[in-house]
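The block underneath contains the structure these notes are about, expressed in structure tokens.
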Amino acid sequence: MGSKGAKNLALSSALLLLLVGFATSDINQDKAECTDKLLGLAGCLSYVGGEAKVPTMDCCSGIKEVIDKSKRCLCILIKDRDDPSLGLKINVTLALNLPDVCETPTNITQCVDLLHLAPKSQEAKVFEGFEKALTNKTSPSPVLSGKYC
């Protein structure tokens, strides 16, 4: 197996470990439901990890499907982005811009309702801060033109 294949296997395995870890958390029913759906995002790991300049077609297909069919699962992944069991460093800016890059824009503040977070909670404020950062982008980067997906 080449180094790229080994790296993809390692990234996919790390994502799978994170998702398996979801099953033991407080909202285990939601997380168990999301395991299969989020595996479709394995192709995005090199992009959100900062190793690829643009997401792959598979990544964009995966993010579109997650947003269309299970947006709550994407919210859970964003909420748990710093979970040590992930074993990966994810560039939050790249991850949050991924829907726009893949021409599937979404409102990240909907996660507050989808995850049943208290509106004034720290977690809710984090999602609101992410949305403000996304809407305050002064100029799109060349990667964010959507022409790559």
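The sequence shown maps to residues -25 to -1, 1 to 124 in mature numbering (1 follows the signal peptide of the UniProt record, and there is no 0).
We put the CB at the ideal spot given by N, CA and C, even for glycine.
None of the values given here were measured: they were computed from a predicted structure.
Straight-line gap, residue 106 to residue 55 (C-alpha atoms, nearest Å): Each residue's Cα considered, the two are about 17 angstroms apart.
Assign residue 81 to one of three DSSP states: helix, strand, or coil. In the three-state reduction of the DSSP assignment, residue 81 falls in the coil class.
Closer than 8 angstroms is the cut-off here; do at least three beta carbon pairs connect the region 30 to 44 with the region 89 to 101? no
If we count the other Cβ atoms within 10 Å of its Cβ and call it buried at 16 or more, is residue 81 buried or exposed? Result: buried.
For residue 65, which residues in the same chain have their Cβ closer than 7 angstroms to its Cβ, ignoring the five residues on either side in sequence? Sequence-distant partners of residue 65 (beyond 5 residues in either direction) whose C-beta falls short of 7 angstroms from its own C-beta, in its chain, are 23, 24, 56.
Between residue 38 and residue 79, which are expected to be in contact by the criterion C-beta below 8 angstroms, what is the C-beta distance as a whole number of angstroms? 6 angstroms
Other residues of its chain near residue 101: CB distance less than 6 angstroms, five sequence neighbours each side excluded: Counting only residues of its own chain and dropping the five nearest sequence neighbours on each side, residue 101 has no CB closer than 6 angstroms to any other CB.
Nearest-angstrom Cα separation, counted from residue 89 out to residue 97: 16 angstroms
Tell me the residue span of the alpha helix (DSSP H) that contains residue 126. The structure shown does not extend to residue 126, since the chain is modelled only from -25 to 124, so the question has no answer here.
C-alpha gap between residue 84 and residue 12, whole angstroms: 21 angstroms
Can the beta-carbon of residue 31 be found closer than 8 angstroms to that of residue 18? yes
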